[in-house]
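Chains as they are written, first to last, in the working numbering: chain A, 4 to 269; chain B, 41 to 328.
What follows is the structure, given as structure tokens:
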């Protein structure tokens, strides 16, 4: 496991590279992990580390990294945007290719990370695209977060006011600054409507069957490109309204994803 | 301000991020600030609070390290039979050794939130390199004043709740349950934060704090309104008044905030308070 900074030296991105840990199983596969954002980043960090270790054990070269303005990467959350995060994913793909000497990279994303990976895979070619409990409809996602925010606001006495400019909230949104324009650009996303991938194969791996995942499954099936849907029942209660951080643990779904990417049962 | 990866400990298995001030802001005799994991969250802290704080403090001229304890975040897990507390002591001591080797910094201030504060406490007692500790919702002890206010709060809460229909429904159900069902919870102690976090006794705590102050350490206790065991500004002073003969002890109570300083406005005030305290205790002008 090698932690390092990469990309633009003025605004570097932080990543952790996991080389294959089993000498007999080197797959010449690069896998980039795309984290969810904000509160979900914090509670799933451990699970993403576990996933990286599992895939490295299965022979893959894995890089997990923080988008600009998140985690240990440079920048403030105040200035993040969907376009910036998509361009960060492309920088990370290039970095992984250089670091691991692999020609093609697969993307594995969780929640908003899956959505960002999907949006990136509309523009560039990747090997596999694995969408783990993706945010399918941006509007529903924001509504879900707003519900959590409302519950916490009344419980914790936090101002929930928006000043009306691009939905900016001076006292933050779920503990994070509310960057101008982010909320509205997330609301425009609907993967089950417009999404067309350039990935060689797309996997939708979900912890539970809910209508938005099924809508995306149907959309991807209609597209006619190589696609696989996997249900791996596991922890996936996103959008809970508990005020304390509960670290997210998963097992089934990590194995299902590892098998999807590497073709090897972990 | 510049950030870099710092790995240390056995096989470099402990992972941290170092925030260095610009060369013109550096001062060789300032202690480095080390931020300790809040519970099980990684080194970025809740709401990325530790990243923002580290950058803020580095801009003020302090070197800051935020790292993951062994077994958390990106750090390795120590394979030994030591307790979490003992491992935390080793981890921080290795962090300090590494900062001395790499940066020639020999004095340190620890900041911990919740369990992070609990981890800082034994280090402050054992290691004289630690010149200060900031306890965010660290140990706290009820006083008569606490109980009076707590009682008043509960009465007020219940009076307010009585105006709501669902509260009456709840009370009726609760009464029914008490009369007609075997209430197994009766008499059993409620789990408290004190119990879960294993606070030292008040007497032991007072003795620990006194010994740290006597050896010249500065201590800053910051309490939020979001914890159950602290509910008014003067609670610490009422409980341990004799410690205040030493001006290196400071206490601040943040009203109308939760345990994690979710409100950006309150968090800004917190950072201001931390920055002011660091400057007053450890900068050339403010050094005591």
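We put the beta carbon where it would ideally sit given N, CA and C, even for glycine.
query                                                                                                                : result
Under 8 Å from the C-beta of residue 74 of chain A: neighbouring residues of chain B                                 : 84, 88 and 91
Distance CB(residue 127 of chain A)-CB(residue 201 of chain A) smaller than 8 Å                                      : yes
Beta carbon proximity, residue 55 of chain B to chain A, threshold 8 Å                                               : yes
Contact belief for residue 258 of chain B with residue 165 of chain B at Cβ below 8 Å, rounded distance in angstroms : Not really, about 15 Å apart at Cβ, beyond 8 Å.
Chain-ordered residues of the stretch 297 to 313 of chain B with a beta carbon less than 9 Å from chain A            : 297, 298, 299, 300, 301, 302, 303, 304, 305, 306 and 307
Interface residues of chain A facing residue 114 of chain B [CB-CB closer than 8 Å]                                  : 4, 6, 19 and 52
Cβ of residue 104 of chain B within 8 Å of any chain A Cβ                                                            : no
Distance CB(residue 315 of chain B)-CB(residue 97 of chain B) smaller than 8 Å                                       : yes
Option in A:50, A:76 and A:251 with minimal Cα separation from residue 95 of chain B                                 : A:76
Positions along the stretch 65 to 82 of chain B whose CB lies within less than 8 Å of some CB in chain A             : 79, 80, 81 and 82
Coil, strand or helix - residue 60 of chain B by DSSP                                                                : strand
Cβ contact check for the stretch 30 to 43 of chain A and the stretch 89 to 109 of chain A: 3 or more pairs under 8 Å : yes
Under the three-state DSSP convention, the category residue 195 of chain B falls into                                : helix
Below-8 Å beta-carbon distance, residue 117 of chain B vs any chain A residue                                        : no
Min CB distance residue 249 of chain B to chain A below 8 Å                                                          : no
Reduced DSSP secondary structure (H/G/I, E/B, other) of residue 201 of chain A                                       : coil
Alpha-carbon spacing of residue 210 of chain A relative to residue 65 of chain B, whole angstroms                    : 50 Å
Residue range of the unbroken beta strand (DSSP E) whose run includes residue 18 of chain A                          : 16 to 21
Endpoints, beta strand (DSSP E) assigned at residue 172 of chain B                                                   : 170 to 176
Secondary structure of residue 125 of chain A, DSSP reduced to three states                                          : coil
Assigned secondary structure, residue 134 of chain B (DSSP; H/G/I helix, E/B strand, else coil)                      : helix
Near-chain B residues of the stretch 176 to 203 of chain A - C-beta to any C-beta below 7 Å                          : 178, 179 and 180
Alpha carbon of residue 175 of chain B to alpha carbon of residue 138 of chain A, nearest angstrom                   : 38 Å
Bridge partners - residue 140 of chain A, DSSP secondary structure assignment                                        : A:193
CB of residue 171 of chain B within 8 Å of CB of residue 148 of chain B, strictly                                    : yes
Counterpart residues of residue 110 of chain A in DSSP-defined beta bridges                                          : A:35 and A:132
Nearest neighbour of residue 82 of chain A, chosen from A:123, A:71 and A:254 [CA to CA]                             : A:71
With 16 other Cβ atoms within 10 Å as the buried cut-off, status of residue 172 of chain A                           : buried
Min CB distance residue 231 of chain A to chain B below 8 Å                                                          : no
CB contact flag (residue 60 of chain A, residue 24 of chain A, <8 Å)                                                 : yes
Under 8 Å between C-beta atoms of residue 74 of chain A and residue 17 of chain A                                    : yes
Residues sharing a beta bridge with residue 43 of chain B, DSSP                                                      : B:59
Euclidean distance between Cα positions of residue 228 of chain B and residue 95 of chain A                          : Residue confidence for residue 228 of chain B is low, a pLDDT of 35 falling below 50, so the modelled location carries little weight and cannot support an answer.
Residue 265 of chain B and residue 301 of chain B closer than 8 Å at C-beta                                          : no
C-alpha gap between residue 157 of chain B and residue 158 of chain A, whole angstroms                               : 25 Å
Close beta carbons around residue 180 of chain A, own chain, < 8 Å, minus the five adjacent residues each side       : 79, 80 and 81
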